[in-house]
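Enquirer: In full-length UniProt numbering, the protein residues as written are 20 to 407.
Note that CB positions come from ideal geometry on N, CA and C, so glycine has one too.
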Ligand code: LMR
């Protein structure tokens, strides 16, 4: 059997993590994988998470199975975080806990494949590389449309709209809820409104990947567009990750939310999600979701989490400002949100930066702005200035 296998290319980001880890140079600068770093370059366990974990250790008296939907209270407590306190569509909302946002994406595309294997998935180019791998693995077809104007380093919104007007009814549009990965270019609220109009007119199914809530402009601000869209459409999927906004990366904590037409379809969707879960991972890991649930249940922990998240968001914005102040080459970063931005560098320049300056960034030129610290910003800017 194994002699028939073909060797698979390594995932570029995972490869980068390994390369950076192996580099023993003390001055290395890791702006590769998307993890938040503090001023010392550490990715801390958030204070509220630590407190919730301690509480969990004391209170938890069994490790028995929870079931395919995972921690249901975790899921229910996330609903107002995503959809707002005044959300009223519970009777048509299904969903469950997943292993990270990736697990949620896998379930989303499985569900779409089960409902309509001929649906094309439209995505703005570029998108998170793993999106395309997951879509391909489910057997669905993906089609890119222009999204990012490389010269202007901003969204080409007219091109996005024009393209959407051409797609066939029943197709799927994959959108980033906020803090676009890899470009950092988010739709304005007015653009979300215009998109919502086309999506609802054309009867498209939006899949919103929400992996960075709170790291753009704030918890509420970052989902204003998503909430607007959710009120204009009959069907919608949100894939959620707690990796970044709860700093739970390795705990694999996420959720899928599916809005369907009515209570009847909700039941069918939920049964499909459960069936799909069962064949993938059967039941999701508990620890991260239990910690998030404890935070969302407890006012003091919630406030602590929000305060720390706001500070993280401000650190990222501060880094964007410092870069733009240092060199106008970085000025477009001021219009972008969240951890990422794409620098217009060639593969040779990116390689040179790695070899000569121990600077690690994704092969696309994507940098994780949150990876820079007060100590590394200056050498980073100087190295870029040299290479350009
Ligand atoms: C990233 O884009 O850097 C993160 O989402 C990590 C990953 O799994 O790719």
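Could you check if residue 52 belongs to the surroundings of ligand 1, using beta carbon to heavy atom distance under 7 Å?
Expert: Yes - ligand 1 has a heavy atom lying nearer than 7 Å to the Cβ of residue 52.
Enquirer: For residue 212, collect the residues of the same chain with a Cβ closer than 7 Å to its Cβ; drop the 5 residues on either side in sequence, then sort them by chain order.
Expert: Result list for residue 212: 247, in chain order.
Enquirer: State the beta-bridge partners of residue 65 as determined by DSSP.
Expert: Per DSSP, none; premise fails for residue 65.
Enquirer: Report all residues from its chain with a CB closer than 6 Å to the CB of residue 385; omit the five preceding and five following residues, and keep chain order.
Expert: Answer for residue 385: 201, 359 and 361, listed in chain order.
Enquirer: Across which residues does DSSP place residue 117 in a beta bridge pair?
Expert: Residue 117 is bridged to 273.
Enquirer: Based on DSSP bridge pairs, tell me the residues matched to residue 84.
Expert: According to DSSP, which records beta bridges pairwise, residue 84 is partnered with nothing at all.
Enquirer: Tell me whether residue 124, by its Cβ, gets closer than 7 Å to a heavy atom of ligand 1.
Expert: Because no heavy atom of ligand 1 lies under 7 Å away, the Cβ of residue 124 does not count as near it: no.
Enquirer: Please name the residue in 197, 251, 206 and 271 whose C-alpha comes closest to that of residue 237.
Expert: Residue 197 is the option with its Cα nearest to residue 237.
Enquirer: Within 10 Å of its beta-carbon, does residue 175 have 16 or more other beta-carbons around it, so buried, or fewer, so exposed?
Expert: Label assigned to residue 175: buried.
Enquirer: Closest to residue 325 by C-alpha separation, out of 67, 355, 188 and 346, would be which residue?
Expert: Considering only alpha carbons, the answer is 67.
Enquirer: Can the beta-carbon of residue 387 be found closer than 8 Å to that of residue 53?
Expert: Contact: yes.
Enquirer: My assumption, with CB atoms under 8 Å, is that residue 226 sits in contact with residue 261. Please give the rounded CB distance.
Expert: Not a contact, Cβ separation roughly 18 Å.
Enquirer: Hey, residue 332 and residue 203: beta-carbon distance below 8 Å or not?
Expert: Contact flag unset, no.
Enquirer: Considering just the uninterrupted stretch of the beta strand (DSSP E) at residue 258, what are its terminal residues?
Expert: Looking at the DSSP string, the run of the beta strand (DSSP E) that includes residue 258 is 255-260.
Enquirer: So what does DSSP say about residue 15, is it helix, strand or coil?
Expert: Outside the modelled stretch of the chain, which goes from 20 to 407, sits residue 15, for which no answer is possible.
Enquirer: Along the beta strand (DSSP E) that carries residue 225, what are the first and last residues, could you check?
Expert: Looking at the DSSP string, the run of the beta strand (DSSP E) that includes residue 225 is 224-229.
Enquirer: If you measure between the beta carbons of residue 57 and residue 379, is that distance less than 8 Å?
Expert: Not a contact, by the Cβ cut-off of 8 Å.
Enquirer: According to DSSP, is residue 141 part of a helix, a strand, or is it coil?
Expert: The answer is strand: DSSP assigns residue 141 an E or B state.
Enquirer: What residue does the beta strand (DSSP E) around residue 385 start on, and which one ends it?
Expert: Here the beta strand (DSSP E) through residue 385 covers 385-387.
Enquirer: Closer than 7 Å: is that where the CB of residue 32 sits relative to any heavy atom of ligand 1?
Expert: Checking every heavy atom of ligand 1 against the Cβ of residue 32, one is found closer than 7 Å.
Enquirer: Heavy atom of ligand 1 less than 7 Å from the Cβ of residue 144, yes or no?
Expert: Result no, Cβ not under 7 Å from ligand 1.
Enquirer: Looking at the secondary structure, which residues open and close the alpha helix (DSSP H) in which residue 376 lies?
Expert: Where residue 376 is concerned, the enclosing alpha helix (DSSP H) stretches over 366-376.
Enquirer: In whole angstroms, what separates the C-alpha of residue 342 from that of residue 401?
Expert: One C-alpha to the other measures close to 11 Å.
Enquirer: Mind checking whether residue 357 and residue 63 have CB atoms under 8 Å apart?
Expert: No, these two residues do not count as a Cβ contact at 8 Å.
Enquirer: From residue 179 to residue 73, what does the alpha carbon distance come to, in whole angstroms?
Expert: Each residue's Cα considered, the two are about 47 Å apart.
Enquirer: DSSP three-state label for residue 150, please.
Expert: Reduced to three states, the DSSP call for residue 150 is helix.
Enquirer: Candidates 102, 98, 141 and 87: which alpha carbon is nearest residue 126's?
Expert: Taking only the C-alpha atoms, the option nearest residue 126 is 87.
Enquirer: Taking 7 Å as the cut-off, is the beta-carbon of residue 156 closer than that to any non-hydrogen atom of ligand 1?
Expert: No, ligand 1 has no heavy atom inside 7 Å of this Cβ.
Enquirer: With hydrogens ignored, establish whether the beta-carbon of residue 200 is closer than 7 Å to any heavy atom of ligand 1.
Expert: Under cutoff, so the answer is yes.
Enquirer: Pull the bridge partners of residue 7 from the DSSP assignment, please.
Expert: No answer is possible for residue 7: it lies beyond the span of the chain, which begins at 20 and ends at 407.
Enquirer: Quick one: Cα of residue 107 to Cα of residue 403, how far?
Expert: So the alpha carbons of these two residues sit roughly 50 Å apart.
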